[in-house]
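Enquirer:
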Amino acid sequence: MGDGTPRLHIICERDVGLFSLVQQVIANIPWAVAQNRIPVVHFGDGTCYWTPNGYRGRQTVWEYYFEPLDPSCPAARIPAPVKALIAADPPSPFEVGYLVDEDIFVSSHFGDHPLLEGAALRIPYQWDDPDDRLRGEAKAILDKYVRPRAYLSRKVDDFFASHLAGQYLVGVHVRGTDATSPQEVRTFRQGSLVLSRYCAEIEGLLEIHPTAKIFVASDEQSSVDQLAAAFPDRVIAYDCVRHQGGEAAGQGPTGWIMPAYIAADRAVAAKNGEDAIVEYLLLSRCDHLVHNGSSLARTVLLNAPELAHTNTHRRSPDGLESPAAAGLGDGPGAGGS
Numbered sequence: 001m002g003d004g005t006p007r008l009h010i011i012c013e014r015d016v017g018l019f020s021l022v023q024q025v026i027a028n029i030p031w032a033v034a035q036n037r038i039p040v041v042h043f044g045d046g047t048c049y050w051t052p053n054g055y056r057g058r059q060t061v062w063e064y065y066f067e068p069l070d071p072s073c074p075a076a077r078i079p080a081p082v083k084a085l086i087a088a089d090p091p092s093p094f095e096v097g098y099l100v101d102e103d104i105f106v107s108s109h110f111g112d113h114p115l116l117e118g119a120a121l122r123i124p125y126q127w128d129d130p131d132d133r134l135r136g137e138a139k140a141i142l143d144k145y146v147r148p149r150a151y152l153s154r155k156v157d158d159f160f161a162s163h164l165a166g167q168y169l170v171g172v173h174v175r176g177t178d179a180t181s182p183q184e185v186r187t188f189r190q191g192s193l194v195l196s197r198y199c200a201e202i203e204g205l206l207e208i209h210p211t212a213k214i215f216v217a218s219d220e221q222s223s224v225d226q227l228a229a230a231f232p233d234r235v236i237a238y239d240c241v242r243h244q245g246g247e248a249a250g251q252g253p254t255g256w257i258m259p260a261y262i263a264a265d266r267a268v269a270a271k272n273g274e275d276a277i278v279e280y281l282l283l284s285r286c287d288h289l290v291h292n293g294s295s296l297a298r299t300v301l302l303n304a305p306e307l308a309h310t311n312t313h314r315r316s317p318d319g320l321e322s323p324a325a326a327g328l329g330d331g332p333g334a335g336g337s
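Okay, structure coming up:
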């Protein structure tokens with residue numbers, strides 16, 4: 001642009017859950033670096049988590065919770081004319097992106113486009129969990145670029161020291177709300193929450209580790225309550241914004257399915273994002289993770305590549321694929337929530 005602006009790869013939002021956005025950032029970073037561009041995240045009002053007045057003193061969703069990917073290049077360094085252009089012409093989540101000029105590239109793609117094979121990191125979001133190779137590659141990116149802000153790290157350290165330290169920990173992540181709603185048409189989400197499967201897996205782990213504690217993270221208060229009743233005096237949960245009843249599914253800013261309690265109130269969504277990151281970081285410190293097919297749980301696997309885990313929602317024996325695999329589409333630029 002001729003004004004000293006560095007070569008930027010600007011990662012823009014999609015209308016999806018927070019950890020699908022986090023995975024998008026992880027996937028885009030190697031692509032940006034290979035193009036000799038500085039990755040910078042600019043998540044705005046196309047996601048539920050954005051609030052018009054900002055959150056925790058920051059104005060873009062990524063920086064509500066994380067430090068800029070490159071300390072020298074926060075979102076505030078994006079030139080105002082470029083932000084205006086992005087607002088007027090948001091990059092499509094179904095296309096790889098576009099050049100603003102020779103210095104600035106803009107994308108909101110998840111990173112699994114055929115044209116990005118070998119460039120972006122390909123993170124599974126349907127039936128498969130990340131394999132060991134991917135977990136190792138992603139961990140190096142997370143350690144270097146994805147740094148939670150200090151206020152979040154303090155919350156995690158304080159809660160862990162007070163409630164979880166010094167014992168074998170079974171981490172449990174239960175993804176419900178819109179993922180189990182009749183409005184969810186994607187095969188790989190249908191039937192994904194069966195608490196009896198969780199209980200069976202947890203019981204097996206308790207036979208091996210009879211003094212273990214169970215850290216439960218969920219978007220559904222009812223799931224936390226049921227597991228606490230099933231395993232009395234063992235379940236520990238972080239005090240979070242969760243779905244408490246009523247409609248499970250709502251619509252995000254561009255019409256994609258999202259949990260109703262998030263979609264209805266941006267301030268609630270921003271606080272929920274904070275809580276979810278605390279849960280993610282606490283789950284990353286557990287000894288075994290029991291989960292279903294959620295982006296949060298799979299991001300835990302990327303962040304803790306040695307963590308043993310059990311997925312309670314596996315592909316059906318008949319091998320049926322999701323609508324996306326059948327060529328029927330999947331949502332905004334792929335990637336689950």
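Sequential numbering from 1 applies to the sequence shown in UniProt numbering. Quick reminder that beta carbons are idealized off the backbone N, C-alpha and C, glycines included.
1. Per DSSP, which residues does histidine 243 bridge with? Please list them.
2. For residue 339, which residues does DSSP report across the bridge?
3. Which value, in whole angstroms, describes the spacing of the CA atoms of alanine 75 and proline 39?
4. Indicate whether tyrosine 198 and valine 170 have their beta-carbon atoms separated by less than 8 Å.
5. Quick one: residues in its chain with C-beta nearer than 6 Å to the C-beta of histidine 163, no 5 flanking neighbours on either side, listed in chain order?
6. Alpha carbons only, please: which of Leu281, Leu296, Cys286, Phe110 is nearest the one belonging to arginine 147?
7. Assuming leucine 85 contacts valine 100 under a Cβ cut-off of 8 Å, what Cβ separation, rounded to an integer in Å, is found between them?
8. Going by CA-CA distance only, name the one from Ala119, Val194, Glu201, Gly46 that's closest to serine 223.
9. So alanine 249 and isoleucine 262 are supposed to be a Cβ contact under 8 Å. How far apart are they, rounded?
10. Taking the C-alpha atoms as reference points, what is the distance between leucine 21 and proline 93?
11. Based on Cα-Cα distance, which residue from Ile208, Asn28, Thr51, Arg154 lies nearest to aspartate 265?
12. Reducing DSSP to helix, strand and coil, say where tyrosine 145 ends up.
13. In whole angstroms, what is the alpha-carbon distance linking phenylalanine 43 and glycine 54?
14. Throw me the rounded Cβ distance for the glycine 273 and tyrosine 49 pair, which I believe falls under 8 Å.
15. Report the option in Ala229, Ser218, Gln251, Pro253 whose CA atom is closest to the CA atom of glutamine 244.
16. With a CB to CB cut of under 8 Å and the five nearest residues on each side skipped, what residues in its chain are close to isoleucine 141?
17. Give the straight-line distance between the Cα atoms of proline 124 and leucine 69, rounded to the nearest whole angstrom.
18. Report, in whole angstroms, the separation of the C-beta atoms of glutamate 279 and cysteine 240, which I expect to be a contact under 8 Å.
19. So for cysteine 199, helix, strand or coil by DSSP?
20. Does DSSP put alanine 276 in a helix, a strand or coil?
21. Under a three-way DSSP split, which group does alanine 119 fall into?
22. What's the gap between the Cα of arginine 7 and the Cα of glutamate 102?
23. In three-state DSSP terms, what is phenylalanine 231?
24. Looking only at its chain, what residues have a beta carbon closer than 7 Å to the beta carbon of valine 156, apart from the 5 residues adjacent to it on each side?
25. Within a Cβ cutoff of 7 Å, which residues of the same chain sit near leucine 18, ignoring the five residues on either side of it in sequence?
26. Measure the beta-carbon distance from leucine 205 to valine 216 and round it to whole angstroms, keeping in mind my assumption that it falls under 8 Å.
27. Out of Tyr64, Glu67, Ile104, Ser196, state which residue places its alpha-carbon closest to the alpha-carbon of alanine 80.
28. Which same chain residues, not among the five before or five after arginine 298, have their C-beta less than 7 Å away from its C-beta?
29. Excluding five sequence neighbours on each side, which residues of the same chain lie with their C-beta closer than 7 Å to the C-beta of phenylalanine 66?
30. Please work out which residues of its chain come closer than 6 Å, Cβ to Cβ, to glutamate 247, disregarding the five sequence neighbours upstream and downstream, and give them in chain order.
31. Would you decide whether alanine 270 is buried or exposed? Buried here means 16 or more other CB atoms lie within 10 Å of its CB.
32. Considering asparagine 292, what are the terminal residues of the alpha helix (DSSP H) in which it resides?
33. Kindly indicate which residue of Gly252, Ala304, Ser295, Tyr64 has the alpha-carbon position closest to the one of aspartate 287.
34. Which parts of the segment 11-79 are runs of the beta strand (DSSP E), unbroken and 3 residues or longer, counting only runs that do not cross its ends?
35. Cα separation between aspartate 132 and alanine 165?
Expert: The short version:
1. Position 243 of the sequence shown, counted from the first residue, corresponds to residue 243. Glu220, per the DSSP bridge assignment.
2. Nothing can be reported for residue 339: it is not among the residues displayed for the chain, which extend from 1 to 337.
3. To locate residue 75, count along the sequence shown from 1; it is residue 75. To locate residue 39, count along the sequence shown from 1; it is residue 39. Cα to Cα, alanine 75 sits roughly 10 Å from proline 39.
4. Position 198 of the sequence shown, counting from 1, holds the residue named residue 198. Position 170 of the sequence shown, counting from 1, holds the residue named residue 170. Cβ distance not < 8 Å, so tyrosine 198 and valine 170 don't count as in contact.
5. By one-based count along the sequence shown, residue 163 stands at place 163. Closer than 6 Å at Cβ, skipping near neighbours: Ile236.
6. On the sequence shown, position 147 is the one that residue 147 refers to. That would be Leu281, whose Cα lies nearest to the Cα of arginine 147.
7. As a first step, residue 85 must be located in the sequence shown, where it is residue number 85. As a first step, residue 100 must be located in the sequence shown, where it is residue number 100. So it is a contact: roughly 6 Å between Cβ atoms.
8. For the purposes of this step, residue 223 is identified with residue 223 of the sequence shown, where counting begins at 1. The shortest C-alpha separation from serine 223 is found at Val194.
9. As a working mapping, residue 249 is identified with position 249 in the sequence shown. As a working mapping, residue 262 is identified with position 262 in the sequence shown. Alanine 249 to isoleucine 262, Cβ: 10 Å. No contact.
10. Counting from 1 along the sequence shown, the entry for residue 21 is found at position 21. Counting from 1 along the sequence shown, the entry for residue 93 is found at position 93. Roughly 12 Å separates the two Cα atoms.
11. In the sequence shown, the residue the question calls residue 265 occupies position 265. Checked all of Ile208, Asn28, Thr51, Arg154; the closest Cα to aspartate 265 is Thr51.
12. Here residue 145 is taken as the residue at index 145 of the sequence shown, counted from 1. Helix at tyrosine 145.
13. Mapped onto the sequence shown, residue 43 falls at position 43. Mapped onto the sequence shown, residue 54 falls at position 54. Going by the C-alpha atoms only, they are around 11 Å apart.
14. The count along the sequence shown starts at 1 and reaches residue 273 at position 273. The count along the sequence shown starts at 1 and reaches residue 49 at position 49. The Cβ separation is near 5 Å, so the contact holds.
15. Start at 1 with the first residue of the sequence shown, and residue 244 comes out as number 244. Checked all of Ala229, Ser218, Gln251, Pro253; the closest Cα to glutamine 244 is Ser218.
16. By one-based count along the sequence shown, residue 141 stands at place 141. Cβ neighbours of isoleucine 141 beyond the five flanking positions: Ile26, Ile29, Pro30, Leu121.
17. Within the sequence shown, the letter at position 124 stands for residue 124. Within the sequence shown, the letter at position 69 stands for residue 69. So the two alpha carbons sit approximately 22 Å from each other.
18. Sequence index remark: in the sequence shown, residue 279 carries index 279 (1-based). Sequence index remark: in the sequence shown, residue 240 carries index 240 (1-based). That pair is a contact at about 7 Å.
19. Numbered from 1 along the sequence shown, position 199 holds the residue referred to as residue 199. Cysteine 199 falls in the helix class under three-state DSSP.
20. Taking the first residue of the sequence shown as 1, we reach residue 276 at position 276. Alanine 276 carries a helical assignment under DSSP once its states are collapsed to helix, strand and coil.
21. Position 119 of the sequence shown, counted from the start, is the residue given in the question as residue 119. Alanine 119 falls in the coil class under three-state DSSP.
22. Counted from its first residue, the sequence shown places residue 7 at position 7. Counted from its first residue, the sequence shown places residue 102 at position 102. Answer to the nearest angstrom: the Cα atoms are 8 Å apart.
23. The count along the sequence shown starts at 1 and reaches residue 231 at position 231. It is coil, neither helix nor strand.
24. In the sequence shown, residue 156 corresponds to position 156, counting from 1. Within its own chain, the residues whose Cβ lies closer than 7 Å to the Cβ of valine 156, once the five positions on either side in sequence are excluded, are Val278, Leu281, Leu282, listed in chain order.
25. One-based indexing of the sequence shown puts residue 18 at position 18. Cβ within range, chain order: Tyr49, Gly273, Ala276.
26. Locating residue 205 in the sequence shown gives position 205, counting from the first residue. Locating residue 216 in the sequence shown gives position 216, counting from the first residue. The pair is not a contact, with the Cβ atoms about 13 Å apart (cut-off 8 Å).
27. Walking along the sequence shown from the start, residue 80 turns up at place 80. With distances taken between Cα atoms, alanine 80 lies closest to Ile104.
28. By one-based count along the sequence shown, residue 298 stands at place 298. Residues of the same chain with a CB within less than 7 Å of the CB of arginine 298, apart from the 5 flanking positions on each side, are Asp129, Pro130 in chain order.
29. For this step, residue 66 is matched to residue 66 along the sequence shown. Contacts found: Val146, Arg147, Pro148, Arg149.
30. As a working note, residue 247 is residue 247 in the sequence shown. Counting only Cβ-Cβ distances below 6 Å, and skipping sequence neighbours, we find Ala260.
31. The residue labelled residue 270 in the question sits at position 270 within the sequence shown. By the Cβ-count criterion, alanine 270 is buried, with 16 or more other Cβ atoms from all chains shown falling within 10 Å of its own Cβ.
32. Within the sequence shown, the letter at position 292 stands for residue 292. First-last for asparagine 292: undefined, no H or E at that position.
33. Numbered from 1 along the sequence shown, position 287 holds the residue referred to as residue 287. The option with the nearest alpha carbon to aspartate 287 is Ala304.
34. Runs of the beta strand (DSSP E) spanning 3 or more residues and lying entirely within the segment 11-79 occur at 38-42, in chain order.
35. Position 132 of the sequence shown holds residue 132. Position 165 of the sequence shown holds residue 165. Looking at the two C-alpha atoms, the distance is approximately 27 Å.
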